[in-house]
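Q: Residue numbers (the numbering used here), protein chains in the order written: chain D, 2 to 540; chain L, 2 to 540.
1) Find the nearest neighbour of residue 378 of chain L within the set L/523, L/372, L/214, L/363, judged by alpha-carbon distance.
2) Below 8 Å on the Cβ atoms is my guess for residue 409 of chain L versus residue 383 of chain L; work out the distance and round it to an integer in Å.
3) Give the secondary structure of residue 416 of chain D by DSSP, where H, G and I count as helix, E and B as strand, and everything else as coil.
4) Name the one or two DSSP bridge partners that residue 176 of chain D has.
5) At 7 Å on the CB atoms, spell out the chain L contacts of residue 210 of chain D, in chain order.
6) Which of the three DSSP states, helix, strand or coil, is assigned to residue 328 of chain D?
7) So which of L/394, L/361, L/407, L/533 has the shortest CA-CA distance to residue 463 of chain L?
8) Compare the Cα-Cα distances from residue 81 of chain L to each of L/52, L/421, L/432 and report the closest residue.
9) Work out the CA separation of residue 97 of chain D and residue 197 of chain L for me, nearest whole Å.
10) Give the DSSP-derived three-state secondary structure of residue 385 of chain D in the structure shown.
11) Taking just the CA atoms, how far does residue 235 of chain D sit from residue 595 of chain D?
12) Let me know if residue 95 of chain D comes out buried or exposed under the rule of 16 or more other beta-carbons within 10 Å of its beta-carbon.
13) Please state if the CB of residue 103 of chain D and the CB of residue 128 of chain D are separated by a distance shorter than 8 Å.
14) Between which two residues does the beta strand (DSSP E) carrying residue 505 of chain D extend?
15) Are the beta-carbon atoms belonging to residue 100 of chain L and residue 78 of chain L less than 8 Å from one another?
16) Taking buried to mean at least 16 other C-beta atoms within 10 Å of its own C-beta, is residue 231 of chain D buried or exposed?
17) Taking only three categories from DSSP, how would you classify residue 493 of chain L?
18) According to the neighbour-count rule (16 or more other Cβ atoms, all chains shown, within 10 Å of its Cβ), is residue 56 of chain D buried or exposed?
19) What residues of chain D sit near residue 368 of chain L, judged by a beta carbon separation below 9 Å?
20) Give every residue of the same chain whose Cβ lies closer than 8 Å to the Cβ of residue 154 of chain L, excluding the five residues on either side of it in the sequence, and list them in chain order.
21) Does the beta-carbon distance from residue 519 of chain D to residue 428 of chain D come in below 8 Å?
22) Just verifying my parser: in three-state terms, what is the DSSP assignment at residue 61 of chain D?
23) Would residue 115 of chain D and residue 141 of chain D be called neighbours here (beta carbons separated by less than 8 Å)?
24) Pick out the complete alpha helix (DSSP H) segments inside the region 310-355 of chain D, 4 residues or longer, and give them in chain order.
25) Short of 7 Å Cβ to Cβ, which residues in the region 303-337 of chain L face chain D?
26) Can you pull the DSSP bridge partners for residue 424 of chain L?
27) Near residue 522 of chain D, which residues of its chain fall below 8 Å by C-beta distance, leaving aside the five closest residues on each side in sequence?
28) When you compare the region 259-272 of chain D with the region 215-225 of chain D, are there three or more beta-carbon pairs, one atom per stretch, that lie closer than 8 Å?
29) Could you tell me if residue 61 of chain L is buried or exposed, where buried requires 16 or more neighbouring beta carbons within 10 angstroms of its beta carbon?
30) Can you tell which of L/442, L/24, L/91, L/308 has its C-alpha closest to the C-alpha of residue 322 of chain L?
31) Within its chain, find whatever has a CB closer than 8 Å to the CB of residue 54 of chain L; leave out the 5 residues flanking it on each side and keep chain order.
32) Per the DSSP calculation, residue 148 of chain D is bridged to which residue(s)?
33) For residue 313 of chain D and residue 244 of chain L, what's the separation of their Cα atoms in angstroms?
34) Expressed to the nearest angstrom, what Euclidean distance is found between the alpha-carbon atoms of residue 250 of chain D and residue 147 of chain D?
35) Drop a sphere of 10 angstroms on the beta-carbon of residue 307 of chain L, count the other beta-carbons inside from all chains shown, and report buried for 16 or more, exposed for fewer.
36) For residue 132 of chain D and chain L, any beta-carbon pair shorter than 8 Å?
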């Protein structure tokens, strides 16, 4: 029973059992490219063969710089099938940072789509790829000195045989987007990606099925688009790739033309969709019966309710680059269906229970935190798709001595095992010796009809150490006063937990993957002058 | 990412996340025993601890002799958690054969339920267990010289720590029921059972979920009840064990009281259920919305249609003891829903497509058989839960030189990858140089309203080498003539494929696992005198 768990077996299965299933991609000119698994299978194998002929050695890194589209999917399978490591570069990073990452990973090849050539030019002097392969997505002329992807595929004679791969060898890698410090690489083994794919196909995880039309909106250049492409290809799902057009209107077009049943993205994607649909009731039924995965930051309850109204079930999950990434997922347990509505939604806004084989514990300063839904602790995880170190960096304090990964997320866990992330360790607000969860206050604020987005940060305070400051983006055409917001929050929070200041801005800073950039906010408001006297805990 | 795949992690997950989920078992006095995962978890760990204290060494075999009930489930997890190997003895075998198997496996311990003590007494002189532990299911006095299971559990002080287990170490074993030859043991590693559990929880396989109430009717003493207990515990499903009462009335009682959503068994179980429900229309809605797994032999189309009428979807699967056992499963691909009814049912009577990571090929005498839905070939499989050898036997011709397991099942495969088992290699009827599939003719025969069960065997023929003989069991109160049956079959088969003889009997011989015992039938009818002249192929 020693059959290895490799992505090649998934590619082989897809080509053999699902040759007629469609893969649809939005091209730069907004037209739709369509082909079938049979084509994808042939081309992914050709890519593997061409790479080997071009000198790829087992374990060599091949970088990609691409949006979500079919060639990226060919890279997802073709590079690992050749024994190489798919290294997805995050195109939203600063060019210098991309170069740093490519150099740190010692990427030998780069496969870049032509529309991103201008980005590549911004760091080409600093990076050291041996060969640059350009994908002619928009029919531009491939620049001199680079290789045309289509011609590259034609160098494969077509008699590719998979190299024998150890399931523990590397298949893909991704660098953490980290809001601070040097980017760190996470290497995913074939085994980890296969097991993660198995898990995503479980009914109680994402239920990815051949019946699905899956549209990953979360970028393929970050955390493998949450592993959706690997699992969907294993199960034979139709795939829809939105390319660079991830605005709500473009996505709704695809929902309509391709009958999408499963999608996923960060809250900002869903917020934008909700906004368009609220102004366009005749299109709300488009989403009916489909599922939406949401992660990256906590999903506000109001958003989950809104999509329930459209007939799309938002499913919250949680994970990190280091966890491949899915670690927990939030479904109701049987019996909870009969709970009062508010209690049901309270569970659904949680990050959920651990996926099979992800083991999870909560550690407070006093040791193991009880699952009492009160005690806050840092969430630590381990499992067959949880990283044990960073790529070519000394093991650091992100791992405990007994081998658990320290996620840096602080949470309370209830008796049923549902995790509720309160904050990043560093985003907790320490006020008068007690902790305030910025996430709780943010979620309450966005439930107000005038508020589009909210960030709550701890700002130094002469008396209380830190006090919460709310930084808010209003919905277009709305106004609200500080007094109204305080009254709105008072029913749900103790006085000492309320922000002592409210600032209205046009836009909040985000990381390239859509997370609030609180380090930047804290920097901006570090010299904030408090007018409010603050409250002692307990008030 | 080196976290091992062991059953201990499943046990730990179940105890932590699903303490309140119920496990219901039918006791020998027909009453229902109820407890919760928290109890199961505590007792399974106590069993592990008690076994270690009783001298169990890593890899030691612990035999069980039990029906489907909660203590058997405790053994499923407690024995492997201790580092031992769960060896389920098949209580339907001849006592001498059970003794042979226990001795071949060198079982050190036996855990037997008290109702099966009389069976044990029939082979105790021949077997060599060091310790016999008796489960007081019916409150009999535990026989002298044996250990009371409940007292055994109390020897555990309650501070059990899981031993560190290699995922490739053995966790369970089962001997093939084989209709011929010496029984052969298959050893399942922790890894194989975990991966198999992952697969069963996939939406496109069995979709086992925490929402399910799973009632395995297939015996836990054979092929791990198709792996359902392992996967259901991993997902937190409510479990219902029918004990020894697997008659249709008893099962329907459980369907009603426990709201079963998922069950499984061999065709005879489903045939019996259908018969009762047809005579009791008011109870047909009991099954509505539930799923039924069916395997062991091909499910007749008429049966699938009947259960569709009751609102229970029968799902065909195929596998062997050597494949843990699930290898293929039959769901419709998207698009097939729009096919004409007859074509849809034709697909659903097939054994289905390979489950992820099971690789399958069909080998005819001329090599690889094309997937043209015509060419018959032997099905060969490989994968992470396909055995690579038998337990302590030299590798035999069941494995090809290139490492595939020869299943002995002959099938045709269609272009979409759906397998249709025609026969066991040895059950094919060779008539005039052509092959006749006995299974096809049997399925057609049971579609006749007067026929309850049918076996078609090849019987030596002076001119045609072999000719088909049909051996039939009528439904109570029905009659039919040979001429009527011939006419009934003529629309679907060529003349040379029709049986040349029809015999009516009260009962057909079966193996202990419900399969037709064709070797026995062939023996009985070896001297059959043909009255019919037979037909040349093509007629």
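Here a beta-carbon is modelled for each residue, glycine too, at the ideal position from N, C-alpha and C.
Computed from a prediction, not measured in an experiment: that's the story for all the values here.
A: According to the data block:
1) By 1-based counting over the second chain, the position of residue 378 of chain L is 377. Per the Cα distances, L/363.
2) Position 408 of the second chain, counted from the first residue, corresponds to residue 409 of chain L. Position 382 of the second chain, counted from the first residue, corresponds to residue 383 of chain L. The pair is not a contact, with the Cβ atoms about 15 Å apart (cut-off 8 Å).
3) For the purposes of this step, residue 416 of chain D is identified with residue 415 of the first chain, where counting begins at 1. Here residue 416 of chain D sits in coil by DSSP.
4) Indexing the first chain from 1 puts residue 176 of chain D at position 175. In the DSSP output, where bridge partners are listed per residue, residue 176 of chain D has D/186.
5) Translated into positions along the first chain, residue 210 of chain D becomes position 209. Per Cβ cutoff of 7 Å: 204, 205.
6) Taking the first residue of the first chain as 1, we reach residue 328 of chain D at position 327. The answer is strand: DSSP assigns residue 328 of chain D an E or B state.
7) Within the second chain, the letter at position 462 stands for residue 463 of chain L. When each option's Cα is compared against that of residue 463 of chain L, the closest is L/533.
8) On the second chain, residue 81 of chain L is found 80 positions in, with the first residue counted as 1. The shortest C-alpha separation from residue 81 of chain L is found at L/52.
9) The residue you call residue 197 of chain L lines up with position 196 of the second chain. The residue you call residue 97 of chain D lines up with position 96 of the first chain. C-alpha separation (whole angstroms): 46 Å.
10) As a working mapping, residue 385 of chain D is identified with position 384 in the first chain. Looking at residue 385 of chain D - three-state DSSP - the assignment turns out to be coil, as it is neither helix nor strand.
11) What the structure shows of chain D is the stretch from 2 to 540, and residue 595 of chain D is not part of that stretch, so it cannot be assessed.
12) Within the first chain, the letter at position 94 stands for residue 95 of chain D. Flag for residue 95 of chain D reads exposed.
13) The sequence position of residue 128 of chain D within the first chain is 127, counting from 1. The sequence position of residue 103 of chain D within the first chain is 102, counting from 1. Cβ distance < 8 Å, so residue 128 of chain D and residue 103 of chain D count as in contact.
14) On the first chain, residue 505 of chain D is found 504 positions in, with the first residue counted as 1. Per DSSP, residue 505 of chain D belongs to the beta strand (DSSP E) from 502-505.
15) Numbered from its first residue, the second chain carries residue 100 of chain L at position 99. Numbered from its first residue, the second chain carries residue 78 of chain L at position 77. Going by C-beta atoms, residue 100 of chain L is not nearer than 8 Å to residue 78 of chain L.
16) The residue labelled residue 231 of chain D in the question sits at position 230 within the first chain. Buried is the call here.
17) Walking along the second chain from the start, residue 493 of chain L turns up at place 492. Coil at residue 493 of chain L, not helix or strand.
18) In the first chain, the residue the question calls residue 56 of chain D occupies position 55. With fewer than 16 Cβ atoms within 10 Å of its Cβ, residue 56 of chain D is classed as exposed.
19) In the second chain, residue 368 of chain L corresponds to position 367, counting from 1. What residue 368 of chain L touches in chain D: nothing, since even the nearest Cβ is about 17 Å away.
20) Residue 154 of chain L sits at position 153 when you count from the first residue of the second chain. Cβ neighbours of residue 154 of chain L beyond the five flanking positions: 44, 47, 48, 51.
21) The residue labelled residue 519 of chain D in the question sits at position 518 within the first chain. The residue labelled residue 428 of chain D in the question sits at position 427 within the first chain. Contact: yes.
22) Residue numbering aside, residue 61 of chain D sits at position 60 when the first chain is read from its first letter. In this structure, residue 61 of chain D counts as coil in the three-state DSSP scheme.
23) Numbered from its first residue, the first chain carries residue 115 of chain D at position 114. Numbered from its first residue, the first chain carries residue 141 of chain D at position 140. Contact flag set, yes.
24) 342-349
25) 334, 335
26) Counted from its first residue, the second chain places residue 424 of chain L at position 423. BP columns for residue 424 of chain L point to L/411.
27) On the first chain, residue 522 of chain D is found 521 positions in, with the first residue counted as 1. Cβ within range, chain order: 456, 458, 472, 509, 510.
28) yes
29) As a working note, residue 61 of chain L is residue 60 in the second chain. Buried, because 16 or more other Cβ atoms sit within 10 Å of the Cβ of residue 61 of chain L.
30) Residue 322 of chain L sits at position 321 when you count from the first residue of the second chain. It is L/91.
31) Counting from one through the second chain, the residue named residue 54 of chain L turns up at place 53. Closer than 8 Å at the Cβ level, and outside the excluded window around residue 54 of chain L, lie 156, 157.
32) As a first step, residue 148 of chain D is located in the first chain; it is residue number 147 there, counting from the start. Note: residue 148 of chain D sits in a beta bridge opposite D/134.
33) Taking the first chain and counting its residues from 1, the one referred to as residue 313 of chain D is at position 312. Taking the second chain and counting its residues from 1, the one referred to as residue 244 of chain L is at position 243. Approximately 42 Å between the Cα atoms of the pair.
34) The residue you call residue 250 of chain D lines up with position 249 of the first chain. The residue you call residue 147 of chain D lines up with position 146 of the first chain. Cα to Cα, the separation comes out at about 35 Å.
35) Counted from its first residue, the second chain places residue 307 of chain L at position 306. That one is buried.
36) Position 131 of the first chain, counting from 1, holds the residue named residue 132 of chain D. It does not; no Cβ of chain L falls within 8 Å.
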